[in-house]
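Numbering of the sequence shown is given in the numbering used here, commencing with residue 3 and proceeding in unit increments.
Inspection log for the structure reproduced underneath, given as structure tokens.
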Amino acid sequence: ITFLAQEQEETLTLPHGYKIFAQSRAWLPGNRLPGGGVAAIISDRVKFSICEAISHPDIITIELEKVFIICAYIVPENSYWGNWSVVDPKLRLAEAIDYCCTREKGYVVLGDLNSRTASHQAAHSHLERRSPDLVCSSRGNWLLDICDEYMLHIINGTCLEHSTGERWTSYQPNGNSVVDYAIASEELLPSVDRLLVEKIPGFRDDHASIHLVLGRDILQMTEVQTYNGRSLTDLLGAIDYSSPMEQILHSTIQAALSDTEATTYLYGPTYVTENPVQAYLAAADSVTTQADEPYTVFAVNWGSRGRSLVRKINGTLQRGYIMGLVALVLNTDPTRPLIVYTCASALVTTLVEHAGRISLRGWPGMDGDLLRIVCTLLARRPSTTEFRMFEQNNKAANHEISWVLKTVHDASRVHETVTTMEMLSMEELPEWEVPTMATPIEGQPKIFKNRAFKKTLKRPLAGTDVNAQVNIEPPQDLELDNRLAHRGRAAMRKLMWRNLQKAVNLAAEPKEYWKFLKEKLNRKQRGQAVSMQDLRNVFDARMNPPMDLPEHFDVEKFQLDKNWAANAPQANVDESHNQYFARPVSSEEIDRAKRHLSSHTGSAKGVDGIQYSQIMQIPSDQLAKLFNFCISTRDAPKVWLTTKLVGILKQGKAASDPENYRLIALECCFLKMMTLLVAQRFRDWVKDMNILPEAQNGFREGFRTSNCAFVLRCAIDRARSQNRSLLVTFIDLENAFPSTNLPTLWKKLADAGAKGPLMDWVRMIYECMQYSVTTNSRNQRFTDLFQSLWGILAGDSLSPDLFTFYAADCDPPKQENDVVLFQVVITYLLLADDMAMMEYLREGAMKEKLGYMANIWCRENFLKLNVAKTKFMIFGPLPASLPILMVNGSSIDAVSIFKYVGFYFQSTKRNIFAEHYVKKSNLAAAGNRSFYMLESIFGTLWPKLGVQLYMARVDPHLIHGCEVVLDVDSSSLLLLEKIQLEGLRRILGLGPRCMRAVLFTESGIMPIAYRRVILALRYVAYLWESPIHRLVRIAFEDSKRLLQDNKPCWLGDLTRVLRELPHPVEFAIGDVTNRAEIEKIIKKVEQSCALSLHTEIENSDRVPLLHGRMREGDTPCLHTVVKFRLYLHRVVVPAHRLALTRFICSAHGLAVERLRHTERHQDKIPREFRLCRLCKCSVEDEQHVIFLCDAVSDDLVQRRAALIVLAKQIRPKSRWDLLDGSNGWNLLRLLCRVDEIVPAFAAHVYHTLKEFAQVDMFRHPDFKGLQ
């Protein structure tokens, strides 16, 4: 039995050269993990096929050359199978046997059949059985009848079983039995060599393993056409390491620095350490609520000299401290050492310990620009800078510290009167001279903190840091004897506990945490069913022009472009006005590239084995030296000019066909970084020359992938407003990137003015690059090298920009029936090579545009229009007969649903995005299943990990396209809400009857309806700030006109969505003049969300423990109402945490909650009659069972007393002697919220609920229902 969910077998790690095939049951209601399931693990060398017709959940049939193998699990006799099968599993097995019986092959049945046959054998069999199991069950008699009917032989207990010791197959606490069988057909019996039944010591299973050995003549093994390939050393050949290119590469790699070395390198040598100056620095944020943006005030005092400085900046507290330090350094003699007293511990730690690493990565992050400025100033000072800490609330501080603290406190309240400090640029920073005769002081750090430095903030309460290391107590029964545990549960739970402990403590390091989760959850790549040589042949043909050009290509132009490229000079002069392609690469440009690559440090390696993370450790000036040398010599290190190719099987395609593999190219990271630098220059040039059409939204800064969908949606709105039919044709270019004709590309670039050393170097890379196919195995081997003369480099940073440039001259002809938005004609939309052409329906519609694409542009640019994948749709009134669109004699199919740039459009429903909701809800549901798979790994779902997994695997699908797809259809939104609620219930461990509001207030996740509308409003801000000439802004302006004319449109839908929120938000687009106005509306939406959830909880008597979280009179704030609660992380015993969560959220089994519902044979009982099942005197509610019930056991009384003693120690001022009434409820809420008490309180709740659950609930006799 596998207990695998559907497709979960793809996440398992298998030995090399094996595949797994599973038949699993469907997910149970509520997406719970199924039981049962069977699987077969088969060598790649075995010829086989899966008999789909007779393979079902719990039964898999494999056909080999000379034998069928039926692997089956039949549930016990009294088990219910209707949840996952419509046919009795016994009948399914009989059908599989009957199918195999009619074929001219032998067959064998293996598996857990839950049949006990004692020592009986089929009547016709000559094999005598001796079984240790003396019981013959009714299921066993059925099995014997099957054996008689189909002439089968039971191998267990016969002379063919060569087992040693006892021959039991099932080991249970209630006794052992023989229920697992090997059964052979009459034809196969002579080929049965032996049967081994063995209980493997330490194996986590309560069943023995069964090994059936058949003769070699039965199994036909295929000789896999192995291609040994070449080693990497052999592939690269001899490398002249004495050449200048290889030497500069070696020296650049050797220049990589550790964090400490990088900090020393950043600040440089120290020259002066005597005659220091003392200064004091403090900062505080603005406390005024009228300010549109946050302000921070800082104060600097130079001690006995009496100088002081007070300024403010627009930004966060961290930025305020940085700018304060900048002002301090600028106003201090650089030749004197500086001692800075401050309470900015985080900033000091960054400057002293992490600044070097941050500088190597190009100064990424929100405050990277200011950090670079302050570090540059500190580095240019020839003298030392020492930081000393003081506490912000230090009452015993000296005069200077008291002054700066009081000054920033007072100034933060009246920041309007404080002068604003202007931001500085790197060009404005002063250069300071080193004093005459001064020499570097060896071993003296320039920036340091005093030895007494320590974090001066008060020690946080235990558990308030949700990233702290957590020790989870193991389950109490882990030491049980495995022999007594059903299915080895004790050992399994111990493994789950270790996995959970590791995952929880890795959560503080996202990289390692996600690596661990992906290892457990992601699909594993299996061995390829095709050889490397087969893939090489396919990829070689795919990456080079065909021997015979297609007839629709312009052969004459193809030859002209080829001749031009062959005769083009290797060195060209840059004629651009800004010298885009001739300027040397600067350190600033490399910093910019590093910032871009900072999130890709784990990228796959090329043949040189170097990752981005290693390149990040190399100083930018060293990298600039290497890259400029490459450009000036029009050369590159030899290893850069070899790219390895890996084949990835396309989803749903046959693995045996090499044509079904997608090509993945792994360039050297050095090369990708250098082409990224070229791409940055190229994009600047393209933008400056205004080359790309407005219709192109792909790979452009400031453009979004959703823009095409938005413009198309607005065009549909305009067509509907005029009651016209809009014809949209979605063009598919066959292998657009790999089929780009390089000579044509080089000629287009030269004609446009993209010439110079950088572009010459790019052409050299294309001319010299070689490819080799490899696998992902540890001992990588490579095929022979080949070159690509067709298509842009796969996996290269510059490739997307080259293609958008290549397609920039695509301009379908305008027609009188084209769409007009805001007085602008729009004929087509582009996202890289994804094109949508549109015009209003008329006779002969789209003929000219399709003719242009197929017969002019594609012909002259040597691309092929894929007619089979090109589709068209009609939005609006449908004609009596659909138009016939033809391309080169082939017709284009009409569809009602099409996926364009990630959005599902549907033309046959009023809501054109109805299918989009369905598809995304299905994907989100699949993401939800990650939670349930985690339970098979961890045993329990840790809430914090669950929230992170939800945001990574569920939330992206729930919010996808929300800026375009507005939730005006409540039934469609309900699909998304249902998935979100299921996920949050699973994370918190709550049932379907719990209040919806608590799912959000406890998990910290916003209701999806609010989250989607907030993202839509942020898109409005983006639209508002877009230039007026962009198509997305034009579509936005057209939507405003439709709104003014009271026509249905995108803005009208947004207004309606905001108006229909539980607490409506008014939105008048005419009142919006800037982003700040949009941010105010977003704040109102957040307040609406907080108010809605807060009101629902406060007005409900179901969750009294969640009342009073805010002070009376305070306005609900989203960040306080919707918040991940610390008790979910602080209580480390899973059973205790689950009990406390259900107790707080009123999802427990106490009478006050259970009897409020109308159930079968039971009416709803008024609250005053839901009496305690133990004392039958008071209502069985949370306060009563925890504090007041005197009928509980002595153990619970002692636990209650110990809890109150602990609470008195931590909160002595509370009235712990008054446990009833309103004070008792307040104390109960206090126990739920005080961090130091929560673990003990959770344990007490667990034991209390457990004791009450052991007694039947009391139902008042005056009300209908069964006692």
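Cβ coordinates follow ideal geometry from the N, Cα and C atoms, glycine included.
What's the C-alpha gap between residue i and residue j?
i     : j     : result
R485  : W170  : Confidence is the limiting factor: at R485 the pLDDT is only 41, short of 50, which leaves the residue's position unreliable, though a coordinate-based value still follows. Rounded to the nearest angstrom, the two C-alpha atoms are 14 Å apart.
D1258 : L1157 : 13 Å
P175  : D208  : 10 Å
G878  : V1067 : 31 Å
K873  : F739  : 20 Å
N80   : A656  : 41 Å
T265  : L1220 : 60 Å
I1099 : I1206 : 27 Å
V970  : N819  : 30 Å
P1050 : V1074 : 20 Å
K92   : R988  : 34 Å
C149  : H155  : 7 Å
Taking its Cβ as the centre, do 16 or more other Cβ atoms sit within 10 Å of residue i, making it buried, or is it exposed?
i     : result
M953  : exposed
S1148 : buried
R132  : exposed
A756  : buried
I61   : buried
K314  : buried
S211  : exposed
S260  : exposed
K901  : exposed
Let me check understanding here. Comparing Cα to Cα, which of the options lies closest to residue i?
i     : options                    : result
L744  : E97, A570, K564, R594      : K564
K1125 : D1165, V1134, Q1046, I1007 : I1007
R1127 : R1020, P945, T119          : P945
L362  : I693, V328, S310, T262     : T262
G37   : N85, F50, K652, V920       : N85
T344  : E402, T438, N725           : E402
V69   : P134, I148, E12, L216      : L216
M549  : W792, L1093, R1235         : W792
Q1277 : F631, E591, Q613           : Because the chain in this structure spans residues 3 to 1269, residue 1277 falls outside the shown range and cannot be described.
A240  : S140, H579, P639           : P639
C2    : T707, L760, W642           : The requested residue 2 does not occur in the structure, where the chain is confined to residues 3 to 1269.
F907  : G113, D1183, K921          : K921
I650  : A531, S723, P621           : A531
Are the Cβ atoms of residue i and residue j separated by less than 8 Å?
i     : j    : result
V587  : L679 : yes
V354  : I449 : yes
V1    : A926 : Residue 1 lies beyond the range of the chain shown here (3 to 1269); nothing can be said about it.
K866  : T776 : no
V328  : F389 : no
D798  : E669 : yes
V889  : A856 : yes
R196  : L162 : yes
M498  : G941 : yes
A838  : F701 : no
A570  : A752 : yes
Y269  : A348 : no
A28   : C73  : no
L1044 : R720 : yes
Check the DSSP bridge columns for residue i and list the partner residues they point to.
i    : result
H58  : I61
C73  : I62, L112
S51  : E65
R232 : F784
F300 : A285, R313
Y183 : G113
Is any heavy atom in the ligand FAD found nearer than 7 Å to the beta carbon of residue i?
i    : result
N333 : The ligand FAD is not part of the structure shown, which contains no ligands of any sort.
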